[in-house]
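Structure first, commentary second.
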Amino acid sequence: MQQSRAETGTPIPAPAPAAAPAGEPAPTGATEIFQLRGLTCRYGGFTAVRDISLDIQRNEITAIIGPSGCGKSTLLRCLNRMNDLVEGTRVTGEVIYNGEDIYAPHIDPVEVRRRIGMVFQEPNPFPKSIYDNVAFGPKLEGHRSDLDDIVESSLRQAALWDEVKGKLKQSALSLSGGQQQRLCIARALAVEPDVILMDEPASALDPIATLRIEDLMEELKRSYSIVIVTHNMQQAARISDKTAFVTVRVENETDERTGELVEFDDTTRIFTAAADQRTEDYVTGRFG
Ligand SMILES: Nc1ncnc2c1ncn2[C@@H]1O[C@H](COP(=O)(O)OP(=O)(O)OP(=O)(O)O)[C@@H](O)[C@H]1O
Ligand SMILES: [Mg+2]
């Protein structure tokens, strides 16, 4: 199946209700939110990742780890059709989200990206006020009278409200890096996504700010499903429920370097009893 660039179409199916009230345990018996089947992503003639199949569970944190250039960001961007925005990208296979392939011709990629939000490595707030950053998405969706409530609840969920409630009209660029990253998380939450994709969200932050983001993710997984790319083994081990290890396969004859999934399992298993030697070598620091 080839990627469609159609920007119109019928909406994707509504997510099942999932949130547990704060203070209560996250729902158990989580079911798949994503089913990847033979996912391959090419940039022009270059195959960046090949034949990835795995299931991602609702209300869990799934980590993607692997050496630089193995295709982690590529894989993550395939999950919300962000790669559509990269000229020459071709995605084949299936990314089944809530039971439907998000690359099917009738699916609207803009709606996909609304449901499946993304937070990047470098905090990237708009050069606008703190308030306007969070209100941006909801405004586009036509919210008016309830904007104050949405801004407050999103900032609270991102554990930033107490630090900024007295200066909502100040520029977002006046915040610290860790605060800017939490603002970007609040901005992603403001449109009520179902899934949050995070590409090394803490790599530009100091250890304290990193722990705050990790605590926040632990809290957010009650209501959201999170997929995180990280280079930090301790971070993956601390926060994730499942871990996917991706590595680069080099073809001897052509020197083509393609990302392949080596192993996907419970995080504790990946870190203590990996089935594949390559995984063990990577998580123990002998390779990569
Ligand atoms: N827009 C693009 N056009 C062409 N090739 C690309 C593009 N983006 C990524 N690639 C290539 O695809 C491969 C995977 O890149 P990707 O950024 O997904 O790796 P990564 O695992 O996220 O690496 P890192 O850990 O360094 O962030 C690399 O060989 C990269 O050069
Ligand atoms: Mg990357």
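Numbered by our numbering, the letters in the sequence shown go through residues 93 to 380 in order. Virtual Cβ for every residue (Gly too), placed ideally from N, Cα, C.
Of all the options the options, which has the alpha carbon lying nearest to the alpha carbon of residue i?
{"i": "residue 246", "options": "277, 255 and 264", "result": "277"}
{"i": "residue 283", "options": "173, 204, 193 and 230", "result": "230"}
{"i": "residue 262", "options": "379, 251 and 275", "result": "275"}
{"i": "residue 332", "options": "369, 313, 347 and 215", "result": "313"}
{"i": "residue 215", "options": "318, 179 and 268", "result": "268"}
{"i": "residue 334", "options": "356, 126, 141 and 179", "result": "356"}
{"i": "residue 273", "options": "257, 220, 368 and 295", "result": "295"}
{"i": "residue 207", "options": "171, 131 and 167", "result": "171"}
{"i": "residue 182", "options": "250, 141 and 146", "result": "141"}
{"i": "residue 369", "options": "152, 338, 259 and 347", "result": "338"}
{"i": "residue 162", "options": "238, 350, 346 and 377", "result": "350"}
{"i": "residue 192", "options": "219, 125, 322 and 253", "result": "125"}
{"i": "residue 241", "options": "251, 226 and 255", "result": "226"}
{"i": "residue 173", "options": "145, 154 and 131", "result": "131"}
{"i": "residue 279", "options": "221, 157 and 176", "result": "221"}
{"i": "residue 157", "options": "326, 364, 301 and 145", "result": "326"}
{"i": "residue 148", "options": "189, 139 and 165", "result": "189"}
{"i": "residue 310", "options": "259, 194, 255 and 249", "result": "249"}
{"i": "residue 72", "options": "159, 199, 372 and 128", "result": "Any answer about residue 72 is impossible in this case: the structure gives the chain only from 93 up to 380."}
{"i": "residue 133", "options": "373, 165 and 319", "result": "165"}
{"i": "residue 178", "options": "135, 159, 212 and 200", "result": "135"}
{"i": "residue 377", "options": "354, 336, 342 and 323", "result": "323"}
Tell me where the alpha helix (DSSP H) around residue i begins and ends.
{"i": "residue 278", "result": "269-281"}
{"i": "residue 301", "result": "299-312"}
{"i": "residue 265", "result": "Counting along the chain, residue 265 falls outside any alpha helix (DSSP H), and DSSP gives it neither H nor E."}
{"i": "residue 168", "result": "164-170"}
{"i": "residue 197", "result": "From DSSP, residue 197 is part of no alpha helix (DSSP H); its letter is neither H nor E."}
Using a 10 Å radius around the Cβ and a threshold of 16 neighbouring Cβ atoms, would you call residue i buried or exposed?
{"i": "residue 281", "result": "buried"}
{"i": "residue 209", "result": "buried"}
{"i": "residue 293", "result": "buried"}
{"i": "residue 362", "result": "buried"}
{"i": "residue 150", "result": "buried"}
{"i": "residue 375", "result": "buried"}
{"i": "residue 232", "result": "exposed"}
{"i": "residue 137", "result": "exposed"}
{"i": "residue 379", "result": "exposed"}
{"i": "residue 236", "result": "exposed"}
{"i": "residue 344", "result": "exposed"}
{"i": "residue 298", "result": "exposed"}
{"i": "residue 234", "result": "exposed"}
{"i": "residue 204", "result": "buried"}
{"i": "residue 315", "result": "buried"}
{"i": "residue 306", "result": "buried"}
{"i": "residue 123", "result": "exposed"}
{"i": "residue 317", "result": "buried"}
{"i": "residue 360", "result": "exposed"}
{"i": "residue 319", "result": "buried"}
Is residue i helix, strand or coil by DSSP?
{"i": "residue 331", "result": "helix"}
{"i": "residue 337", "result": "strand"}
{"i": "residue 192", "result": "strand"}
{"i": "residue 366", "result": "coil"}
{"i": "residue 146", "result": "strand"}
{"i": "residue 356", "result": "strand"}
{"i": "residue 374", "result": "helix"}
{"i": "residue 155", "result": "strand"}
{"i": "residue 79", "result": "Nothing can be reported for residue 79: it is not among the residues displayed for the chain, which extend from 93 to 380."}
{"i": "residue 184", "result": "strand"}
{"i": "residue 295", "result": "coil"}
{"i": "residue 173", "result": "coil"}
{"i": "residue 349", "result": "strand"}
{"i": "residue 205", "result": "helix"}
Tell me which residue opens and which closes the beta strand (DSSP E) that residue i is part of.
{"i": "residue 133", "result": "124-135"}
{"i": "residue 320", "result": "317-321"}
{"i": "residue 224", "result": "That residue, residue 224, is in no beta strand (DSSP E); its alpha helix (DSSP H) goes 222-232."}
{"i": "residue 239", "result": "Taken as a continuous stretch (DSSP letters only), residue 239 belongs to no beta strand (DSSP E), being part of the alpha helix (DSSP H) at 239-249."}
{"i": "residue 289", "result": "287-291"}
{"i": "residue 178", "result": "Segment: none, residue 178 is in no beta strand (DSSP E) and carries neither H nor E."}
{"i": "residue 161", "result": "Segment: none, residue 161 is in no beta strand (DSSP E) and carries neither H nor E."}
Should residue i be listed as close to ligand 4, given that the test is whether its C-beta is under 7 Å from any heavy atom?
{"i": "residue 263", "result": "In the structure shown, ligand 4 is absent; the only ligands present are ligand 1 and ligand 2."}
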